[in-house]
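First comes the structure, then the notes that go with it.
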DNA sequence: AATCAATATTAGTATAGGCTAACTTTTGGG
DNA sequence: CCCAAAAGTTAGCCTATACTAATATTGATT
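Protein chains in written order, with this note's numbering: chain A, 1 to 143; chain B, 1 to 143.
Okay, here's the thing in structure tokens:
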């Protein structure tokens, strides 16, 4: 299918873009399951209103998104009841939390203040490949 | 306006999310102006069809986005003519390119292979604060 | 047990960012 | 110089992610 007309560089560039676009699709899901796991762990349950507060969006938005996550098999929820993670959601949450922590710790080890590290990690975590994550870990071990 | 009911941690979390959501709004604009600058520099002009090829999306999508960027004052374009950057677009492009290069070089200095560094930099660059970028530069100088 | 506040849902709206298909305009090769 | 291919535009569609406002449900307190 690859268009002969295109340079190898253009094709690589397009592929990278594709990858970033795909990452955007999963970002929000990762943020939600990460937060749901945290809330369950710390408060015993994940309520819609708490998610809305922690995410800084309205309840209606959270409701929408939870429907989608349920459709995609990451959470379960019944009307007016609190939200649970499926096994798949749990796995994604654990992965996300670990990656988040690694990115955050790495930035702090680099000399970034914790406040900024928190903020930047939130955006960066979804775009770090396993290869890069391993380099971050290596650096942490060296320090 | 801050809701007394919310913990400081929840408020900080929500603020970080806000920041990531805002970053998403500018990401695509940055990617476009960065690419437009590159194409103008290397080929003399930025044609819609080239943008579509390099971004891996259809011409219709690029057309849409260019209208938006024009509305937002980052590019100028006339029907059936090639695309130019405004002063503001130029400034954003330069900033983006420099940040992109720093992130990429930093990852490579860390030991990440160039291929992966390219791919990860594409996603990461939009979420790196000036503070973190400066730490990346410091690291590059130390190496 | 009734009521009210907290919580959740629904309906309706908007924007961004994607697509395909059909159309128009430009341009370059014979 | 004309006409076909390349380039650009338009219309119509879709999904994700947000919002407000109105409604419905739950649960705690009197």
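Yeah, the Cβ is synthetic: ideal placement off N, Cα and C, and Gly gets one too.
Proximity below 8 Å, CB of residue i to CB of residue j
| i | j | result |
| --- | --- | --- |
| residue 128/A | residue 120/B | yes |
| residue 110/B | residue 139/A | yes |
| residue 99/B | residue 133/B | yes |
| residue 14/B | residue 72/A | no |
| residue 124/B | residue 124/A | yes |
| residue 59/B | residue 49/B | yes |
7 Å CB neighbourhood of residue i in its chain, flanking five on each side removed
| i | result |
| --- | --- |
| residue 107/B | 117, 120, 121 |
| residue 30/A | 92, 96, 126 |
| residue 105/B | 140 |
| residue 40/A | 46 |
| residue 87/A | none |
| residue 114/B | 108 |
| residue 143/B | 109 |
| residue 42/A | none |
| residue 131/B | none |
| residue 5/A | none |
Nearest-angstrom beta carbon gap, residue j and residue i [assumed within contact, 8 Å]
| i | j | result |
| --- | --- | --- |
| residue 51/A | residue 17/B | About 11 Å; that fails the 8 Å criterion. |
| residue 112/A | residue 137/B | Not confirmed; about 12 Å, so no contact. |
| residue 75/A | residue 89/A | 5 Å |
| residue 47/A | residue 77/A | Not a contact, Cβ separation roughly 10 Å. |
Cut-off 8 Å between Cβ atoms - residues of its own chain near residue i, not counting five sequence neighbours on either side
| i | result |
| --- | --- |
| residue 65/A | 28, 32 |
| residue 8/A | none |
| residue 23/B | 126, 127 |
| residue 20/B | 127 |
| residue 26/B | 126 |
Own chain, CB closer than 6 Å to residue i, minus 5 neighbours either side, in chain order
| i | result |
| --- | --- |
| residue 80/A | none |
| residue 34/A | 93, 96, 97 |
| residue 62/A | 48, 51, 52 |
- Within 9 Å of chain A by C-beta, residues of the segment 17 to 29 of chain B in sequence order: Listed in sequence order: 17, 18, 19, 20, 21, 23, 24, 27.
- Select from the segment 119 to 134 of chain A all residues with a C-beta closer than 8 Å to any C-beta belonging to chain B, and list them in chain order. 119, 120, 122, 123, 124, 126, 127, 128, 129, 131, 132
- Message: At a CB distance below 9 Å, what residues from the segment 100 to 114 of chain B approach chain A? Give them in sequence order.
- Response: 107, 110, 111, 112, 113
- Task: Enumerate, from N- to C-terminal direction, the unbroken alpha helix (DSSP H) stretches of 4 or more residues contained entirely within the segment 54 to 133 of chain B.
- Result: 59 to 71, 87 to 110, 114 to 124
- Query: When you check each C-beta in the segment 36 to 67 of chain B against every C-beta of chain A, which residues fall closer than 7 Å?
  - Reply: 53, 54, 55, 56
- Item | Where the segment 76 to 101 of chain B meets chain A: residues whose CB sits under 9 Å from a CB there | none
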